[in-house]
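Worksheet: the structure to be examined is printed underneath.
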Amino acid sequence: MAYQIRKWVGIAGGSILVLVAAVVLVKTASTEPKPMPVEEFGRHVRALRSIANEIVLFSAQLEQGKLTDSYAKVHCEKLQEEVRSRRRQLDDPVPPELAEPHSRAQIIADALSASSGELSRHRTNSGEIQKIRQQAIHLQQQLGKLEASL
Amino acid sequence: MNAILDLALGIMAALGGFVDIGELVFTAQGGAKFGYMLIWTVVVGTIGIMVYGEMAGRIAAVLQKPTFEIIREQASYRSGLITLVASNIVNLLTCTAEIGGIAIVLQLLFGLEYRLMLIAAAGLLCIAVYFLKFEWMERVFGLMGLALLVYAAAAVALKPDWSAVAKGFLPQLPQDNVVVYFYYVVGLFSSIVMPYEIYFYSSGAIEDKWTVKDLPTNVLTATVGFTLGGLLSIALIVAGANLFGSHGVVPDTLSATALPATAAFGITGLLFALLGMLFAIGGAAVETALAGAYNVTQFFGLAWGKDKNIKQAPVFHATWLVLIGSGFAIAMSGINPVLIVEYSVVFAVVVLPFTYYPILKTARDKKLMKGHANSPLITAAGWVYFEIITVAAISAIPLMIATHMGEG
Chain D
4 MAYQIRKWVG IAGGSILVLV AAVVLVKTAS TEPKPMPVEE FGRHVRALRS IANEIVLFSA
64 QLEQGKLTDS YAKVHCEKLQ EEVRSRRRQL DDPVPPELAE PHSRAQIIAD ALSASSGELS
124 RHRTNSGEIQ KIRQQAIHLQ QQLGKLEASL
Chain V
19 MNAILDLALG IMAALGGFVD IGELVFTAQG GAKFGYMLIW TVVVGTIGIM VYGEMAGRIA
79 AVLQKPTFEI IREQASYRSG LITLVASNIV NLLTCTAEIG GIAIVLQLLF GLEYRLMLIA
139 AAGLLCIAVY FLKFEWMERV FGLMGLALLV YAAAAVALKP DWSAVAKGFL PQLPQDNVVV
199 YFYYVVGLFS SIVMPYEIYF YSSGAIEDKW TVKDLPTNVL TATVGFTLGG LLSIALIVAG
259 ANLFGSHGVV PDTLSATALP ATAAFGITGL LFALLGMLFA IGGAAVETAL AGAYNVTQFF
319 GLAWGKDKNI KQAPVFHATW LVLIGSGFAI AMSGINPVLI VEYSVVFAVV VLPFTYYPIL
379 KTARDKKLMK GHANSPLITA AGWVYFEIIT VAAISAIPLM IATHMGEG
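Taken in sequence, the protein lines are chains D and V.
Under my numbering, think of the first position of the first sequence as 4, with each following residue one higher.
Under my numbering, think of the first position of the second sequence as 19, with each following residue one higher.
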């Protein structure tokens, strides 16, 4: 008897859980995405600044001949993937007061993605590496200003 | 030389636990964000894993029982089963991340496509686990992983502020980002005391046919092996703080963690770092896959052991194969391995008390262990660490949510 009760309680409990999960899923899927809070936007900007700093550091080592070609190629790809992932997260809507910094951050993220791609293509050309590093330093400064303005 | 080879079990267990893919990125990030302030956490965690590793090895040598057999005996069937399922989910997640990590290192070495390297990684792992004898597996992964000592040399070569490093050995609070700091403290501590190290270490002691005569070797192996792992973690924090912290970089990729070695020693440093990573991460993958197989077979009282063939221990061999195969399939989906391992570290903390309490209970039991039961000092240390582990287990998931996985 006790087993039967436990069995039916288990079945009922399990069914309710599945139902609740399904309702939550449907509700989440059907609601408009909430605007990105300032803290979250700040996290993305900080992460982009860290990537810009990494491009500066990495390009300096590349120019000094401290890295193998395969490492340089693959690390550029990883950096580009990282920037793209952040860029995708920046596609989420933001509150009106963040509209301007948001679009600036998107432009900087695109520029960083381009820089990491360029770095991969010109990884054996020290003149080009220097140019890319200068670009990255510029982007890093812009991100610093953006972060300070938040 | 023989003495070093005897220590290979401890070195492999420690390297696989301390410097796997997640730990490499996590410590470098911790160093970049908080300088040397997390060093004390490594010291606390290292002493903890030494205490419990020694107990698990002693139980294995005296009673010829590995950890999961102890869990089955000390806990009820149901709670033992829950621990088994939870710990094997953690093993699978970690194994997946490590397979991804091996593929990334192979990619960095040979410049080939990631998914192709995943196939190579899974294939090489299966070959290593099936064909290498246990003692050779320990030696290959444990001793080759020592190439990571390049980080210790890099930490010195990058000329850190030694007085600040020394201060890092004492607990201290940062002026801001306190919650994020605690996330790193809990994450770093739990990655050091990951349960699979203990499953692997105690089963390895039986694979290595330890008896009461080997108890001094157990003390030496647990002490030297785990100290080495701890020193490497400290070196990663110091090198990370020096290079990444000074450049405002918080590294998110495994490839970035090689940069301190290249900054100090150029291409030679890079090759040592990549070689060390390959074997340390490979060792972690082997450890997690075998730990999963040990857990299942020991819990259900089935035949197990690396020296047994497929006919003698079919479930054992099928389980590690399924773990590597599933890990490979998940990794092929393109999911970020660093992210997986960060989740697995945090969830592993929740399993920790259920793994560590039966060890403590058995090791101090004079009826079972007779003259080899814990001294009062070891029991006291065991209780202190059990309480720390419980606090970490309770706080891990809330901290992960509150800090957005350490991003602040």
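We put the beta carbon where it would ideally sit given N, CA and C, even for glycine.
- In the displayed model, V97 of chain D falls within coil according to three-state DSSP, outside both helix and strand.
- A distance below 8 Å between beta-carbons, with the five flanking residues on each side excluded, links V183 of chain V to the following residues of its chain, in chain order: Y54, I57, V256.
- Take the alpha-carbon of A102 of chain D and the one of A114 of chain D: they are about 19 Å apart.
- For a cut-off of 8 Å, the C-beta gap from N260 of chain V to P192 of chain V is around 18 Å, too long to register as a contact.
- Contact of L167 of chain V with chain D is not assigned, every C-beta pair being separated by 8 Å or more.
- Against chain D, the CB of Q125 of chain V has a partner CB under 8 Å away; the residue lies at that interface.
- Leaving aside the five residues that flank S119 of chain D on each side, the residues in its chain whose CB is nearer than 7 Å to its CB run, in chain order, I58, C79, L82, Q83, V86.
- The Cβ atoms of G389 of chain V and V69 of chain V lie no closer than 8 Å to each other.
- Counting along the chain, G258 of chain V sits inside the alpha helix (DSSP H) bounded by residues 233-258.
- The count of Cβ pairs closer than 8 Å, one atom from the stretch 217-224 of chain V and one from the stretch 134-149 of chain D, stays below three, leaving the stretches out of contact.
- Of the residues V:I348, V:H335, V:L289, V:N195, the one whose Cα lies closest to the Cα of G118 of chain V is V:I348.
- For chain V, the residues of the stretch 64-96 of chain D that bring a beta carbon within less than 8 Å of one of its beta carbons are Q64, Q67, G68, K69, L70, T71, D72, S73, Y74, K76, V77, H78, K81, L82, E85, in chain order.
- Among the residues of the stretch 247-276 of chain V, those with a Cβ less than 9 Å away from any Cβ of chain D are L261, F262, H265, G266, V267, V268, P269, D270, T271, L272, S273, A274, A276, in the order of the chain.
- If you ignore the 5 residues before and after T85 of chain V, its C-beta comes within less than 6 Å of the C-beta of A74, I216, Y217, S220, all in its own chain and listed in chain order.
- Neighbours of A281 of chain V across chain D, judged by C-beta separation under 7 Å: Q64.
- Here V369 of chain V is not near L272 of chain V, since their CB atoms are 8 Å or more apart.
- The beta-carbon of R52 of chain D is placed less than 8 Å from the nearest beta-carbon of chain V.
- Between Q92 of chain V and T380 of chain V the beta-carbon gap is near 6 Å, inside 8 Å, which marks them as a contact.
- A residue is called buried once 16 or more other Cβ atoms fall within 10 Å of its Cβ, and Q137 of chain D, having fewer, is exposed.
- By the criterion of a C-beta distance shorter than 6 Å, A414 of chain V is surrounded in its chain by V204, V364, V367, once the five residues flanking it on both sides are discounted.
- Close CB contacts of L288 of chain V within its chain, under the 8 Å cut and outside five residues either way in sequence, are with A276, A279, T280 (chain order).
- In this structure, the straight-line span from the alpha carbon of S94 of chain V to that of A139 of chain V is close to 38 Å.
- Listed in chain order, the non-local C-beta contacts of K148 of chain D below 6 Å within the same chain number zero, local neighbours out to five positions each way being set aside.
- Comparing alpha-carbon positions, the option among V:P371, V:G40, V:G48, V:I77 lying closest to K385 of chain V turns out to be V:I77.
- Using beta-carbon distances, F61 of chain D counts as an interface residue toward chain V, with a partner under 8 Å.
- The beta carbon of V237 of chain V sits closer than 7 Å to those of E72, all from its chain and outside the five residues before and after it, given in chain order.
- Of the other Cβ atoms in all chains shown, fewer than 16 fall within 10 Å of the Cβ of A151 of chain D; this residue is therefore exposed.
- Inter-segment contact for the stretch 332-342 of chain V and the stretch 299-315 of chain V is present: three or more beta-carbon pairs are separated by less than 8 Å.
- Sequence-distant Cβ neighbours of T373 of chain V in its own chain, meaning closer than 6 Å and more than five residues away, are P213.
- Contact check for R46 of chain D against G426 of chain V passes: the beta carbons are separated by less than 8 Å.
- Rounded to whole angstroms, the separation of the alpha carbons of Y6 of chain D and I19 of chain D is 20 Å.
- Distance from the CA of A55 of chain D to the CA of H265 of chain V, rounded to the nearest whole angstrom, comes to 10 Å.
- For the stretch 138-222 of chain V, the full-length alpha helix (DSSP H) segments reaching 4 residues or more read 152-155, 168-175, 180-185, 196-210 along the chain.
- Residue burial is scored here from C-beta neighbours: T315 of chain V has at least 16 other C-beta atoms within 10 angstroms and is therefore classed as buried.
- Sequence-distant partners of K76 of chain D (beyond 5 residues in either direction) whose C-beta falls short of 8 Å from its own C-beta, in its chain, are S123, R126.
- Nearest neighbour of A172 of chain V by Cα position, chosen from V:L254, V:L378, V:T235, turns out to be V:L254.
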